[in-house]
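In what follows, a single structure is set out as structure tokens and then discussed.
Residue numbers (the numbering used here): 43 to 162.
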């Protein structure tokens with residue numbers, strides 16, 4: 043079963059969930075504001091990414107959370123360690139939704155072409 047990570051009131055997450063429901067694809071939703079995003083979970087995502095994604099895709103630089111970060115936080119290099127620490131401290135800084143299947147990252151954000159290719 044697919045695992046979908048995000049927040050319910052995010053428009054992009056809503057698009058992704060609508061697409062999954064419309065295509066009758068079963069999934070389990072995890073609200074990143076309500077669960078403990080551990081180092082192990084985030085590291086697992088990074089370890090199980092494949093093109094077109096890389097660890098830097100986990101951070102939503104156009105989101106409100108990113109804009110509210112201090113200049114020092116924004117200037118940190120996006121190393122695996124810094125990405126993990128940033129998402130643990132600010133779960134809403136991650137790009138959403140993130141969809142996995144058997145621990146493999148299938149999609150980050152909503153792109154209907156990628157959903158059709160990797161999920162359908």
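For each residue, glycine too, the CB sits at the ideal point set by N, CA and C.
* Between residue 57 and residue 152, what straight-line distance do the alpha-carbon atoms span, to the nearest angstrom? -> Along the chain shown, one-based indexing puts residue 57 at 15. Along the chain shown, one-based indexing puts residue 152 at 110. Spanning the two alpha carbons is a distance of roughly 7 Å.
* Asked: Got a sec? Which residues, its chain only, sit under 7 Å from residue 65 by beta carbon, not counting five neighbours each side?
  -> By one-based count along the chain shown, residue 65 stands at place 23. Same-chain partners within the cutoff: 162.
* Asked: Which term fits residue 99, buried or exposed, when burial requires 16 or more other beta carbons within 10 angstroms of its beta carbon?
  -> Locating residue 99 in the chain shown gives position 57, where the first residue counts as 1. So residue 99 ends up on the buried side.
* To do: Using beta-carbon positions only, say whether residue 101 and residue 149 come within less than 8 Å of one another.
  => The residue labelled residue 101 in the question sits at position 59 within the chain shown. The residue labelled residue 149 in the question sits at position 107 within the chain shown. For residue 101 and residue 149, no; Cβs fall outside 8 Å.
* residue 142, buried or exposed, once every other Cβ within 10 Å from all chains shown has been counted against 16 -> The count along the chain shown starts at 1 and reaches residue 142 at position 100. Buried, by the Cβ-count rule.
* Asked: Just curious, the alpha helix (DSSP H) that residue 86 is in, first and last residue?
  -> Position 44 of the chain shown holds residue 86. It spans 81-89 - the alpha helix (DSSP H) in which residue 86 sits, taken as one unbroken run.
* Asked: Under the rule that 16 or more other beta-carbon atoms within 10 Å means buried, what is residue 109, buried or exposed?
  -> The residue given as residue 109 occupies position 67 in the chain shown. Exposed.
* Would you mind stating whether residue 129 and residue 79 have Cβ atoms separated by less than 8 Å? => Residue mapping note: residue 129 aligns to position 87 of the chain shown, counting from 1. Residue mapping note: residue 79 aligns to position 37 of the chain shown, counting from 1. In this structure, residue 79 lies closer than 8 Å to residue 129 by Cβ.
* **Rounded separation between residue 70 and residue 91 - CA only** => Position 28 of the chain shown, counted from the start, is the residue given in the question as residue 70. Position 49 of the chain shown, counted from the start, is the residue given in the question as residue 91. Straight-line Cα distance between these residues: approximately 19 Å.
* Asked: How about residue 126 and residue 81: are their beta carbons less than 8 Å apart?
  -> As a working mapping, residue 126 is identified with position 84 in the chain shown. As a working mapping, residue 81 is identified with position 39 in the chain shown. Yes. Within cutoff.
* Is it buried or exposed for residue 94, if we count other Cβ within 10 angstroms and need 16 for buried? -> As a working mapping, residue 94 is identified with position 52 in the chain shown. Classification for residue 94: exposed.
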